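Counting from 772, one number per residue, gives the positions in the sequence shown under my numbering.
We put the CB at the ideal spot given by N, CA and C, even for glycine.
Owing to the predicted nature of the structure, the values given are computational and were not obtained by experimental measurement.
Report on one structure; see the data block that follows.
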Amino acid sequence: MPRNVSPDMTGGWIGTVTLPNDMGDDVTFTGRLVAEDMHFNNSNGMLTVEKVYERQEGGTAYGVISAIGHTRDRRAYLLEEKGETCLVNNGHFSLEIPTDELLVLLSLAIEAERDASADSECDHMIRKLAAND
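So, in structure tokens, the structure goes:
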């Protein structure tokens with residue numbers, strides 16, 4: 772994810788960021804990285820990298836890249852709170868959805884992901900414990 776980075780007046784790092792997106796146009800904005808995570812699913816061999824950015828113009832940007840072998844899926848989203856609703860843009864479509872409904876959908880997705888990865892998390896913990904023996 773190429774970036775042109777320079778310090779802002781508060782000492783944080785602000786830069787031009789372009790998130791690659793296979794579902795629409797690449798998403799370009801000015802902002803700073805606020806969180807990132809990388810995890811590997813042992814059961815299916817998928818590596819996932821997620822990054823969350825604070826946008827200088829307000830709102831949040833989210834980029835996720837998932838890969839298995841030579842196959843990858845790159846997605847990017849811009850999110851902006853507008854009172855009781857949230858505007859979500861994936862580089863192709865914009866959707867305005869009530870914030871409470873978006874949170875319900877997010878919790879359902881997290882629950883489904885947790886159920887799907889429970890076995891691989893247990894396997895990971897068992898291997899980690901075995902390595903410490």
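Around the beta carbon of residue 846, 16 or more other beta carbons sit within 10 angstroms, so the residue counts as buried. Residue range 842 to 853 is occupied by the beta strand (DSSP E) that includes residue 852. Listed in chain order, the beta strand (DSSP E) runs fully inside the segment 788 to 827 are 798 to 812 and 817 to 826, counting runs of at least 3 residues. Apart from the 5 residues on each side of it in sequence, residue 870 sits with its Cβ closer than 8 Å to the Cβ of 852, 855, 856 and 857 in its chain, given in chain order. Going by C-alpha positions, residue 799 is about 13 Å away from residue 830.
Assignment of beta-bridge partners to residue 856 by DSSP yields 853 and 869.
Beta-bridge partners of residue 832 (DSSP): 824 and 849.
Between the alpha carbons of residue 832 and residue 823 lies a distance of about 6 Å. Relative to residue 803, the option among 819, 815, 842 and 834 whose CA is nearest is 834.
Excluding sequence positions up to five before and after residue 820, its CB lies within less than 6 Å of the CB of 809 and 836, all in the same chain and listed in chain order. When 839, 873 and 805 are compared, the shortest CA-CA separation from residue 814 is found for 839.
In this structure, residue 795 lies away from residue 841, with their beta-carbon atoms at least 8 Å apart.
Assignment of beta-bridge partners to residue 878 by DSSP yields no partner.
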